[in-house]
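Engineer: Positions in the sequence shown are counted from 1; adding 2 to them yields this note's numbering.
For every residue, glycine included, the Cβ atom is placed at its ideal position computed from N, Cα and C.
Following this message is one structure expressed as structure tokens.
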Amino acid sequence: MDKIKSYKNVNRTNTSATFGISKMEEIYIKRKGILDTPHRHDFYTILLINSAKGKHIIDFNEHLIEGNELFFLAPGQVHQLIEEEESNGFSIVFSEDFLLENNIPYEFIEDINLFNNEGNSSSLKINREEKEKLNRYSLEMFNLQKDKSYLHLQAIGSLLKLFLISCNNLCTLNHNTATNSNSNFTTIKDFKNLINEHYKSWHQTSDYAKKLNISPDHLNRIIKAHSGKTAKELIQNRILIASKRLLYFTNLSTKEIAFELGFSEPSNFSSFFKKLSSFTPSDFREKKQD
């Protein structure tokens, strides 16, 4: 039995919220010294840590925290932050729906250098100038969330996009070259690139394995070890995100979207969408228009 606690909503008191940002020092005070327990989120998490003392356990691997660093946590990763004293920084959480609502490119999130969703995730060290810039973005998002000014969520979305672009550039510059020594790194990267290129027409793991010249079982083992998910789950997730974008941003009918995404019958697409999102395509579209 899975004993790891899971948090499904960005905000426990407002289940419709898709974004949240908090100051780490305020979280520490609110917890009243109670130790954080291992848990997982069904949403993305960024920790911008200015100063701290303790350790961050991600997928059961320990990382010392000292400050001037960033952690990126993908949905499903198990983590535990153990603070020996009050930390200073920001905790930013957001769901895939928030990205959808703000048209934030999928590639920023799936980039191998950001949300790795793997056991060997490590922190991204940042210098003073980089830290000051990211703190400015974070403080502005924090103030917008608190004040709830007109179009504040759209403004937050723009700031988050700038934050992610900056982090993506930093990851590209500071990417740990040791990762490239992993014999499976190229396969993982090529697989993700192939998904982005062919998800509309290639729905089966065997399609990708054939292109990569490996067996479907071998591809599944590599992807499962890397992300905790099967190759099929990653393929389906990409199709789901594309379908949400089409439902949200276009006036295409469900039938047109189904054919756009390579489904032979609209009923197959509707079943697929409901299975993965718990909504029918029409219910999802109506929900977003409320």
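Measure from the alpha carbon of Glu103 to the alpha carbon of each residue in Asn170, Glu131, Leu153, then state which is nearest.
Structural biologist: For the residues Asn170, Glu131, Leu153, the minimum Cα distance to Glu103 belongs to Leu153.
Engineer: Could you give the first and the last residue of the continuous alpha helix (DSSP H) run that contains Ile106?
Structural biologist: Premise fails: Ile106 is in no alpha helix (DSSP H) and is neither H nor E.
Engineer: Can you look up Ile224 in the DSSP assignment and give me helix, strand or coil?
Structural biologist: Note: Ile224 maps to helix in three-state DSSP.
Engineer: Check the DSSP bridge columns for Arg240 and list the partner residues they point to.
Structural biologist: Bridge partners of Arg240: none, in fact.
Engineer: Using the C-alpha atoms, what's the distance from Leu278 back to Tyr30?
Structural biologist: If I take the Cα positions, the gap works out to 35 Å.
Engineer: Can you check whether the CB of Lys55 is closer than 8 Å to the CB of Glu2?
Structural biologist: Nothing can be reported for residue 2, as the shown portion of the chain is limited to 3 through 292.
Engineer: What ranges does the alpha helix (DSSP H) occupy inside the region 233 to 288, keeping only unbroken runs of at least 4 residues that lie completely in it?
Structural biologist: Listed in chain order, they are 233 to 251, 256 to 262, 268 to 279.
Engineer: Can you tell me whether Ser18 is helix, strand or coil according to DSSP?
Structural biologist: Coil.
Engineer: Need the endpoints of the alpha helix (DSSP H) that Glu142 sits in, please.
Structural biologist: Run containing Glu142: 130 to 149, per the alpha helix (DSSP H) assignment.
Engineer: Helix, strand or coil: how does DSSP classify Leu37 here?
Structural biologist: Coil.
Engineer: Which residue marks the beginning of the beta strand (DSSP E) containing Glu64, and which one marks its end?
Structural biologist: 63 to 67 is the extent of the beta strand (DSSP E) around Glu64.
Engineer: For the putative contact between Leu263 and Ala244, defined by C-beta atoms under 8 Å, what is the C-beta separation to the nearest angstrom?
Structural biologist: Between Ala244 and Leu263 the Cβ distance is about 6 Å, and since that is below 8 Å, they are a contact.
Engineer: Check the C-beta distance from Gln147 over to Ile51 and give it rounded, since I have them as a contact under 8 Å.
Structural biologist: Gln147 to Ile51, Cβ: 19 Å. No contact.
Engineer: Tell me whether Ile241 is buried or exposed, calling it buried when 16 or more other Cβ atoms sit within 10 Å of its Cβ.
Structural biologist: By the 10 Å Cβ count, Ile241 comes out buried.
Engineer: In its own chain, which residues sit with a C-beta less than 7 Å from the C-beta of Thr232, not counting the 5 before and 5 after it?
Structural biologist: So the list reads Asn222, Ile225, Lys226, once near-sequence residues are dropped.
Engineer: On a Cα-Cα basis, can you pick out the residue from Glu64, Leu101, Ile259 that is closest to Lys202?
Structural biologist: Cα-wise, what sits closest to Lys202 is Ile259.
Engineer: Report the residue from Ser168, Ile237, Leu166, Pro218 whose alpha carbon sits nearest the alpha carbon of His200.
Structural biologist: Measuring from the Cα of His200, the nearest candidate turns out to be Ile237.
Engineer: Does DSSP put Tyr153 in a helix, in a strand, or in coil?
Structural biologist: Checking the sequence shown, residue 153 turns out to be Leu, not Tyr. It is coil, neither helix nor strand.
Engineer: Restricting to Cα atoms, I'd like to know which of Gly91, Glu64, Phe96 is closest to Lys25.
Structural biologist: The candidate whose alpha carbon is nearest that of Lys25 is Gly91.
Engineer: For the alpha helix (DSSP H) containing Lys212, name the first residue and the last one.
Structural biologist: Its alpha helix (DSSP H) spans residues 207 to 214.
Engineer: If you reduce the DSSP assignment to three classes, tell me which class Gly230 lands in.
Structural biologist: Correct three-state label for Gly230: coil.
Engineer: Tell me whether the beta-carbon of Gln79 lies closer than 8 Å to the beta-carbon of Asp38.
Structural biologist: Against a cut-off of 8 Å, the Cβ pair of Asp38 and Gln79 comes out as no contact.
Engineer: Please report the distance separating the alpha-carbon of Ser273 from that of Phe100.
Structural biologist: One C-alpha to the other measures close to 24 Å.
Engineer: Thinking C-beta only, is Phe96 closer than 8 Å to Tyr46?
Structural biologist: Yes. Within cutoff.
Engineer: In whole angstroms, what is the alpha-carbon distance linking Thr20 and Val12?
Structural biologist: Straight-line Cα distance between these residues: approximately 6 Å.
Engineer: Pull up the distance between the alpha-carbon of Asp61 and that of Ile36, whole angstroms please.
Structural biologist: Approximately 21 Å, taken between the alpha carbons.
Engineer: Phe286 to Leu249, Cα distance in whole Å?
Structural biologist: Taking the straight line joining both Cα atoms gives about 8 Å.
Engineer: Using 10 angstroms around the beta-carbon of Pro283, count the other beta-carbons present and answer buried if the total reaches 16, otherwise exposed.
Structural biologist: Flag for Pro283 reads buried.
Engineer: Considering just the uninterrupted stretch of the alpha helix (DSSP H) at Glu199, what are its terminal residues?
Structural biologist: Element bounds for Glu199: 187 to 200.
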